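Under my numbering, the letters of the sequence shown match residues 20 to 320, in that order.
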Amino acid sequence: MRALGRSFWAQMVARARADILAILSNEHCDAYLLSESSLFVWHDRFLMLTCGTTTLVDAALYFFEQTPLEHIRCARFQRKNEYQPHLQKTSFMDDVDRLSQRVPGCAFRLGYPDGHHNCVFHLDKPYGPAPDDTTSELLMYHIRGENADSLRCEHQRIKDIRRLLKLNRLFPDFALSDWLFTPCGYSLNAIRGNRYATIHITPHKNSSYVSFATNLDLANSPIVAILLKQLNPGCWDLIGFNARRPEELLAENTPYQCLATGEIQLSCGYRMSFNHFQHPDHRKVTAETLSPEKQPAVNAW
20 MRALGRSFWA QMVARARADI LAILSNEHCD AYLLSESSLF VWHDRFLMLT CGTTTLVDAA
80 LYFFEQTPLE HIRCARFQRK NEYQPHLQKT SFMDDVDRLS QRVPGCAFRL GYPDGHHNCV
140 FHLDKPYGPA PDDTTSELLM YHIRGENADS LRCEHQRIKD IRRLLKLNRL FPDFALSDWL
200 FTPCGYSLNA IRGNRYATIH ITPHKNSSYV SFATNLDLAN SPIVAILLKQ LNPGCWDLIG
260 FNARRPEELL AENTPYQCLA TGEIQLSCGY RMSFNHFQHP DHRKVTAETL SPEKQPAVNA
320 W
């Protein structure tokens with residue numbers, strides 16, 4: 020993958036309507052910080068995340084056009100529910116229709132159809148992930164408090180945001196690459212060996228959103244606890260691929276309540292899990308979502 024060269028990855032990023040802002044490399048990984056999130060490239064795999072109104076499906080199709088299908092051992096394409104889906108250029112099912120024309124796959128949705136959920140399409144091909152091949156995603160909404168207010172201020176400094184997020188505790192010995200946007204917003208890539216972590220913060224008052232993703236084993240790690248404490252989200256999602264379950268990551272006295280949970284064993288070898296949590300004093304939830312008799316479903320197409 021790395022031998023494809025930076026021009027190849029720049030073209031793929033451009034297909035998603037994003038730009039490369041900075042590059043961080045070590046002997047295992049090239050980490051590209053994007054105008055709309057991140058791209059990580061290892062010798063045998065890559066991971067690309069985008070947000071906003073980007074068209075990630077176009078980047079995925081570009082890769083599939085350039086790579087013979089028999090050379091691809093595993094592929095996954097994900098989308099979460101959006102704040103303002105009417106502003107998106109495509110829907111998940113639009114993307115699945117296009118991907119299915121080139122890649123034989125399966126599609127699933129975990130979570131509430133009318134609430135928090137995550138969708139995945141994957142290459143329908145047997146694959147055996149390595150024992151340490153895990154992915155954890157923490158998606159936080161409606162961040163609150165003094166730190167959230169600070170992240171919305173103009174004229175911030177990167178060193179202040181690093182201190183606010185306690186990056187020295189989160190990622191000791193990691194090389195960091197970060198970017199401060201105008202008037203607000205922050206992105207970070209961190210790499211150490213073949214391990215990565217990325218954080219993207221959109222702090223706007225009525226639509227704040229923070230994403231964190233990593234291939235670190237989060238068990239016995241303070242990362243989730245620190246991020247929840249520093250950002251104080253009203254609600255959050257935890258998504259995993261062969262990752263630790265929430266009960267292994269959360270303190271027993273956590274105030275957050277789990278309102279939705281789902282898990283499925285994908286034919287591509289990964290156990291995908293989805294959990295949605297909410298703080299008791301967060302009021303942006305419907306009575307229907309809280310209804311105990313309504314269970315989140317796993318939907319397949």
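Think of the CB as a built atom: it goes at the ideal place given N, C-alpha and C, for glycine as much as any other residue. Model, not experiment: these values are computed from the prediction.
Can you find the residues in the same chain that come closer than 7 Å, C-beta to C-beta, to residue i, ignoring five residues on each side of it along the sequence?
i      : result
His47  : Trp61, Gly212, Asn213
Thr308 : For Thr308, the predicted model reports a pLDDT of 40, less than 50, meaning its position is unreliable; a value from the coordinates is still stated below. Same-chain partners within the cutoff: Tyr131, Gly134, Leu278.
Looking at the secondary structure, which residues open and close the alpha helix (DSSP H) in which residue i lies?
i      : result
Lys178 : 177-183
Tyr81  : 75-85
Asn166 : 165-170
Val7   : Here the chain has residues from 20 to 320 only, and residue 7 is not among them.
Assuming contact is defined by CB atoms lying nearer than 8 Å, are residue i and residue j in contact in what I supplied?
i      : j      : result
Phe231 : Leu247 : no
Leu68  : Ser57  : yes
Tyr160 : Cys287 : no
Ala78  : Arg34  : yes
Asn45  : Gln97  : no
Ile180 : Tyr205 : yes
Tyr289 : Pro148 : yes
Arg121 : Phe82  : no
Arg36  : Thr86  : no
Ala209 : Ala194 : yes
Leu129 : Ile283 : yes
Leu43  : Ser196 : yes
Glu173 : Cys203 : yes
Ala41  : Trp198 : yes
Leu237 : Leu269 : no
With residue i as the anchor, note down where its beta strand (DSSP E) starts and where it stops.
i      : result
Met112 : Premise fails: Met112 lies in the alpha helix (DSSP H), 111-119, not in any beta strand (DSSP E).
Trp198 : 194-199
Leu158 : 154-162
Trp255 : 252-260
Asn137 : 136-142
Ala50  : 49-53
Phe27  : Not the beta strand (DSSP E): Phe27 falls in the alpha helix (DSSP H), residues 25-34.
If residue i and residue j are in contact, beta carbons under 8 Å, what's the gap, nearest whole angstrom?
i      : j      : result
Tyr155 : Ala262 : Before going on, a small fix: residue 155 reads as Ser here, not Tyr. Correct: roughly 4 Å between the Cβ atoms.
Val139 : Met291 : 6 Å
Pro222 : Leu257 : Their Cβ separation, rounded to whole angstroms, is 21 Å, which puts Pro222 and Leu257 out of contact at 8 Å.
Gln297 : Tyr275 : 7 Å
Report all residues from its chain with a CB closer than 6 Å to the CB of residue i; omit the five preceding and five following residues, and keep chain order.
i      : result
Thr201 : none
His301 : Gly253, Cys254
Pro265 : Leu257, Asn294
Gly124 : Phe140, His141, Leu142, Asp143
Tyr146 : Arg92, Cys93, Cys287, Gly288
Arg163 : Asn251
Near residue i, which residues of its chain fall below 8 Å by C-beta distance, leaving aside the five closest residues on each side in sequence?
i      : result
Leu80  : Arg34, Arg117, Leu118, Arg121
Arg188 : Pro241, Ile245
Val32  : Asp38, Ile39, Tyr51, Leu53, Leu58, Met67, Ala78
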